[in-house]
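Engineer: According to this note's numbering, the sequence shown is numbered sequentially starting from 145.
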Amino acid sequence: MHKLKRFKGLLFVLPSLVGVMIFYMIPFLQSFMYCFTEGVIDRRFVGLSNFKALFANDAYKLAVHNTSFIVGIALPVLCSLSLVVALFLERYLEKYKGIQGILLIPMVVPTASLMLLWQDLLARDGLVNAILHTSQDWLVSDYAPWIVILLIIWKNMGYNVILILSSLLSMPREFEEAARVDGAGFWRVALWIKIPYLVPMLFFSIIISLLNCFKIFREVYLLQGDYPVHNLYLLQHFMNNHFINLNYEILTAASFLLYMVLFAIIYGMAYWQQSYMKQNR
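(1) Can you tell which of Leu390, Ser419, Met413 has its C-alpha closest to the C-alpha of Gly183?
(2) Measuring CB to CB, does Cys179 end up less than 9 Å from Phe387?
(3) Might you give, ordered along the chain, the residues of its own chain that have their beta carbon closer than 6 Å to the beta carbon of Asn266, omitting 5 neighbours on each side?
(4) Rounded to whole angstroms, what is the Cα-Cα separation between Leu158 and Ile166?
(5) Going by beta carbon distance, what residues of the same chain come within less than 7 Å of His374, once the five residues before and after it are set aside?
(6) Can you give me the C-alpha to C-alpha distance between Val305 and Cys357, rounded to a whole angstrom?
(7) Using C-beta distances below 7 Å, list every residue in its chain close to Leu378, excluding the 5 sequence neighbours before and after it, in chain order.
(8) Does the segment 287-306 come within contact of the segment 212-219, defined as at least 3 CB pairs closer than 8 Å?
(9) How about Val405: is its Cβ closer than 8 Å to a heavy atom in the ligand COA?
(10) Evaluate the contact criterion for the segment 218-237 versus the segment 403-415: three or more CB pairs, one atom per stretch, below 8 Å.
(11) Could you spell out where the alpha helix (DSSP H) holding Ile306 opens and where it closes?
(12) Helix, strand or coil: how does DSSP classify Phe199 here?
(13) Report the rounded CA-to-CA distance for Arg332 versus Gln380, giving the unit in angstroms.
(14) Using three-state DSSP, classify Thr278 as helix, strand or coil.
(15) Thinking just about the alpha-carbon of each residue, which of Val252, Cys223, Gln280, Ile243 is nearest to the one in Val343?
(16) Let me know the secondary structure DSSP gives Phe330 once reduced to three states.
(17) Among Tyr287, Arg268, Ala288, Met345, which one has its Cα closest to the Cα of Ser279?
(18) From Leu307 to Pro316, what distance separates their C-alpha atoms?
(19) Mapping DSSP to helix, strand and coil, what is Phe382?
(20) May I ask which residues mark the beginning and end of the alpha helix (DSSP H) holding Asn356?
(21) Exposed or buried, what is Tyr204 when buried is set at 16 or more other beta-carbons lying within 10 Å of its beta-carbon?
(22) Between which residues of its own chain and Thr396 is the CB-CB distance below 6 Å, once the five residues before and five after are set aside?
(23) Beta-carbon separation of Ile339 and Leu225 under 9 Å?
(24) How big is the Cα-Cα spacing for Asp370 and Asn385?
(25) Closer than 6 Å by C-beta to Tyr392: which residues in its own chain qualify, once you throw out the five before and the five after it? Chain order, please.
(26) One question on the structure: do Phe347 and Ala414 come within less than 9 Å of each other, judged by their Cβ atoms?
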C-alpha cells in the first residue's frame, strides 16, 4: 500500500520532472560539454582552452568587476534595509495598513514603463538636473553604477519587506512580551528575539535578492542597449553579446563559472543556516 502511494505520487510529479529534464537538465549538460570543445560545429576536445581565453578577455574582466561591485553593494544594503523597514512596519502596521500594497508597486509596473520614467528623470534635461541645477547625463557618468544599485534596492525592497513582515506576524508573542516585561527595548528585542526567529526567512530573502541582483540586466539593457558605458558593462552583456555572435564555447564557459560561484554561495549559506538552527534548537 505504501509503495502504491509513492507510485501515485511519482505519477503526479512526472510531467514536471520530464519538463525539467527536457528544458533544463539536458540543455545544461549539453552546454557543459561546449565548455571543453572548439565550438558547436567543431566539437574537438580542447581541455581548458576556453577558460584560459575567458580569463584573458578584457571584456570579461570588466564585466566581472562591474557585476561584483554592483551586487556586492546592492545585496547587503537591500537586505539590511528590508529587515529594518519590516521591523518598523510590524510595530506600526495598524497606522499604515495600505503600505504593503504600495511596497509592491515597483514589481507590478511593467519594466519598460519604469525604465522610460528613469530615463526621463536622469536625462540631461530631466527632473533630477532641474532640481540640482546641473546639466549632466547621469546614465553615462561615473554615478551610473550607483544609479543601478539604487534601482535594485528600489525595485526589490518591497517584496523582501513583505516576506519578512509575514514571518514576523506569525511569530509567537510570548518571548517578546517576556523580554519587554524585563525592560528590553525595541532594538534589543529585535536583535535577540526577532532576528533569530527570522533566520530561515532571511536566508530565503537573501537568496531571492541575490538572484534579483543578477536580473538587473534587463533594466540596464533597456536603458543603454547591448554596449553600455564601461562601468555598466555586466556579465549578462558579455554573455548576450557572445550569444548573438554564436561564440557558444566562450558563452557556456562564462555561464558555467557563474553557476559555480552562485552554487558555492548558496550552498555555503545553506550550510551555515543548518548549523545555526541546530545550535539554537
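For glycine and all other residues, C-beta sits at the position ideal for the given N, C-alpha and C.
Structural biologist: On the basis of the supplied data:
(1) As a working note, residue 183 is residue 39 in the sequence shown. Among Leu390, Ser419, Met413, the Cα nearest to that of Gly183 is on Leu390.
(2) Taking the first residue of the sequence shown as 1, we reach residue 179 at position 35. Taking the first residue of the sequence shown as 1, we reach residue 387 at position 243. Cβ atoms of Cys179 and Phe387: not closer than 9 Å.
(3) Here residue 266 is taken as the residue at index 122 of the sequence shown, counted from 1. A small fix is needed here, since residue 266 is Leu in this sequence, not Asn. Taking Leu266 as the centre and dropping the five residues before and after it, the same chain places the C-beta of Val272, Trp282, Leu283 closer than 6 Å to its C-beta, in chain order.
(4) Here residue 158 corresponds to residue number 14 of the sequence shown, with the count starting at 1. Here residue 166 corresponds to residue number 22 of the sequence shown, with the count starting at 1. Their backbone Cα atoms lie some 12 Å apart in a straight line.
(5) The residue labelled residue 374 in the question sits at position 230 within the sequence shown. Cβ neighbours of His374 beyond the five flanking positions: Leu206.
(6) The sequence position of residue 305 within the sequence shown is 161, counting from 1. The sequence position of residue 357 within the sequence shown is 213, counting from 1. Going from the Cα of Val305 to the Cα of Cys357 covers about 16 Å.
(7) In the sequence shown, counting from the first residue as 1, residue 378 sits at position 234. Spatial neighbours of Leu378 in its own chain (CB-CB distance under 7 Å, excluding positions within 5 residues in sequence) are listed in chain order as Ala207, Asn210, Thr211, Phe361, Val364.
(8) Contact between the segment 287-306 and the segment 212-219 is present: 3 or more CB-CB pairs across the two stretches fall below 8 Å.
(9) Absence of the ligand COA from the depicted structure is noted, as is the absence of any ligand whatsoever, leaving it without description.
(10) The segment 218-237 vs the segment 403-415: no contact.
(11) Looking up residue 306 in the sequence shown gives position 162. Going by DSSP, Ile306 is part of the alpha helix (DSSP H) stretching over 288-313.
(12) Locating residue 199 in the sequence shown gives position 55, where the first residue counts as 1. Helix at Phe199.
(13) Locating residue 332 in the sequence shown gives position 188, counting from the first residue. Locating residue 380 in the sequence shown gives position 236, counting from the first residue. One C-alpha to the other measures close to 42 Å.
(14) For the purposes of this step, residue 278 is taken as residue 134 along the sequence shown, with counting starting at 1. The answer is coil: DSSP assigns Thr278 none of H, G, I, E or B.
(15) By 1-based counting over the sequence shown, the position of residue 343 is 199. Checked all of Val252, Cys223, Gln280, Ile243; the closest Cα to Val343 is Cys223.
(16) In the sequence shown, the residue the question calls residue 330 occupies position 186. Looking at Phe330 - three-state DSSP - the assignment turns out to be helix.
(17) Here residue 279 refers to the residue found at position 135 when the sequence shown is read from its first residue. It is Arg268 whose Cα lies nearest to the Cα of Ser279.
(18) Residue 307 sits at position 163 when you count from the first residue of the sequence shown. Residue 316 sits at position 172 when you count from the first residue of the sequence shown. Near 17 Å, if we compare the C-alpha coordinates of Pro316 and Leu307.
(19) Counting from 1 along the sequence shown, the entry for residue 382 is found at position 238. Of the three classes helix, strand and coil, the one that applies to Phe382 here is helix, per DSSP.
(20) For the purposes of this step, residue 356 is identified with residue 212 of the sequence shown, where counting begins at 1. Element bounds for Asn356: 343-358.
(21) Numbered from its first residue, the sequence shown carries residue 204 at position 60. The residue is buried, with at least 16 neighbouring Cβ atoms inside 10 Å.
(22) Position 252 of the sequence shown, counted from the start, is the residue given in the question as residue 396. These residues qualify, in order along the chain: Ser175, Tyr178, Cys179.
(23) Translated into positions along the sequence shown, residue 339 becomes position 195. Translated into positions along the sequence shown, residue 225 becomes position 81. Not in contact: Ile339 and Leu225 (Cβ atoms no closer than 9 Å).
(24) As a working note, residue 370 is residue 226 in the sequence shown. As a working note, residue 385 is residue 241 in the sequence shown. Taking the straight line joining both Cα atoms gives about 7 Å.
(25) Sequence index remark: in the sequence shown, residue 392 carries index 248 (1-based). Excluding positions up to five away in sequence, the list reads Tyr178, Val184.
(26) Residue 347 sits at position 203 when you count from the first residue of the sequence shown. Residue 414 sits at position 270 when you count from the first residue of the sequence shown. Against a cut-off of 9 Å, the Cβ pair of Ala414 and Phe347 comes out as a contact.
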